[in-house]
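According to full-length UniProt numbering, the sequence shown is numbered sequentially starting from 1. Every residue gets a Cβ at the ideal spot worked out from N, C-alpha and C, and that includes glycine. Computed from a prediction, not measured in an experiment: that's the story for all the values here. Since the structure comes first, as structure tokens, the remarks are kept for the end.
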Amino acid sequence: AEPLLARIKADRTVVLSPVFDKVLFDTLEVNEYIPSAHGPSGQNGTKSMTHQNQE
Numbered sequence: 001a002e003p004l005l006a007r008i009k010a011d012r013t014v015v016l017s018p019v020f021d022k023v024l025f026d027t028l029e030v031n032e033y034i035p036s037a038h039g040p041s042g043q044n045g046t047k048s049m050t051h052q053n054q055e
């Protein structure tokens with residue numbers, strides 16, 4: 001939450017929302033959120049964590 005709060009403190013006119021990757025519960029397959037689909041590319045301040053299969 002701190003990175004979101006820091007962005008709001010820096011500019012109170014921005015609207016921020018955390019983004020989560022979709023994880024399928026039965027297979028644990030991760031469908032990564034594509035940041036460019038939401039606002040200018042690289043400007044939304046989100047980070048997505050990728051899942052790595054450990055086989």
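Cα-Cα separation between residue i and residue j, rounded to whole angstroms
i, j, result
"residue 10", "residue 29", "36 Å"
"residue 32", "residue 18", "14 Å"
"residue 21", "residue 34", "9 Å"
"residue 27", "residue 12", "40 Å"
Nearest-angstrom Cβ-Cβ length linking residue i and residue j, presumed shorter than 8 Å
i, j, result
"residue 7", "residue 14", "6 Å"
Residues of its chain near residue i, where Cβ-Cβ distance is below 7 Å and the 5 sequence neighbours each way are ignored
i, result
"residue 5", "none"
Cβ neighbours of residue i in the same chain (closer than 8 Å, five flanking residues each side left out)
i, result
"residue 25", "none"
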